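In what follows, a single structure is set out as structure tokens and then discussed.
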Amino acid sequence: MSPVSVADPYRHLFEPPVAPRQPGWLERLTGAGPMRAERDALRRQVTELRERVRQLEGISQTDELTGLANRRGFEEFLRRSLASAARHADGGVLAYLDLDYFKQVNDTHGHQAGDTVLKAVATILKRDTRDSDFVARLHGDEFAILLVRAGTKGGFARLRLIDHCLNNSTVSFGGLEIPLRASMGAVAFGPDSNAQQLLRDADAAMYETKSRPRRRLEAPLSAAA
């Protein structure tokens, strides 16, 4: 007859307690337990910091009054656009725009009226350009329009429409209708264009327009053909 095994009810009193299992080196390496929680917390902090940096960069490149890009944002976009033009052998048109008699608006009606005019100009420029184009307020009453991947003829035709619209618009302020007046100069760019020279040429073209009696944008002969 086989012996019967009977459990000893007092055995636990004489055996040492079993220590809780400690995580092994592999678990520690892969981040199990507390280390995983710490790693996840660090990842969240890094993500939040990156988002904050992105927001600050956006603020630093945006004009607070109009919501357009500022000079810093414009120069960065111009740099990338010229690099793209060099890679893809295409081009576009850069326009400089300066408001006429803007100082008189500020002096006569106050700076709040001037701010209203600037915001109206920004609205027109954004409305009459493509999503792929770029509009910026460079300084004071100076604006820039960058038409990317646009032919010279088509680009100047679009800019002349914008020029006509601006100079035939008025801005309502305090029961008054303030007429908009602006001078625009533009130059075409291509794969070999240099940013600094392009900026100088656009600025010179704008002042040439200002010197004309009618102050209207004129297309170059190559674009008019």
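Numbering (my numbering), first residue to last: 1194 to 1418. We treat Cβ as the ideally placed atom computed from N, Cα and C, and that holds for glycine. The structure displayed is predicted, hence computed values, not measured ones.
| Asked | Found |
| --- | --- |
| Own chain residues within Cβ distance below 6 angstroms of Ala-1288, not counting five before or after | Ile-1338, Leu-1352, Met-1377, Ala-1379 |
| Status (buried if at least 16 other CB within 10 Å, exposed otherwise) for Ala-1417 | Reliability of the predicted coordinates at Ala-1417 is poor, the pLDDT of 45 falling under 50, and no value is obtained from them. |
| Distance between Gly-1307 and Gly-1333 (C-alpha atoms, nearest Å) | 10 angstroms |
| Beta carbon proximity, Phe-1267 to chain C, threshold 8 angstroms | Of the protein chains in the structure, only one exists, and it is not chain C. |
| Residues sharing a beta bridge with Leu-1369, DSSP | Phe-1366 |
| Cβ contact check for the segment 1338-1348 and the segment 1362-1375: 3 or more pairs under 8 angstroms | no |
| Validate contact between the segment 1379-1394 and the segment 1269-1284 using beta carbons, cut 8 angstroms, 3 pairs | yes |
| Burial state of Gly-1303, where buried means 16 or more other Cβ atoms lie within 10 Å | exposed |
| Same chain, Cβ closer than 7 angstroms to Thr-1255, five either side skipped, listed in chain order | Ala-1262, Asn-1263, Gly-1266 |
| Reference Glu-1370; option with closest CA among His-1281, Glu-1231, Thr-1309 | Thr-1309 |
| Where Tyr-1294 sits in the DSSP three-state scheme | coil |
| Under 8 angstroms between C-beta atoms of Ser-1325 and Val-1341 | yes |
| Distance CB(Leu-1292)-CB(Arg-1409) smaller than 8 angstroms | no |
| Rounded C-alpha distance that separates Gln-1305 from Asn-1299 | 8 angstroms |
| Alpha-carbon to alpha-carbon, Ser-1253 and Arg-1237 | 24 angstroms |
| DSSP three-state assignment for Ala-1337, whether helix, strand or coil | strand |
| Cα-Cα separation, Asp-1321 to Arg-1229 | 53 angstroms |
| Leu-1410 - DSSP class collapsed to helix/strand/coil | coil |
| Given His-1357 as reference, the closest of Phe-1295, Gly-1344, Pro-1372 once Cα atoms are compared | Pro-1372 |
| Beta bridge counterpart(s) of Phe-1382 as assigned by DSSP | Gly-1285 |
| Nearest neighbour of Ile-1317, chosen from Gly-1285, Asn-1361, Ala-1397, Gln-1297 [CA to CA] | Asn-1361 |
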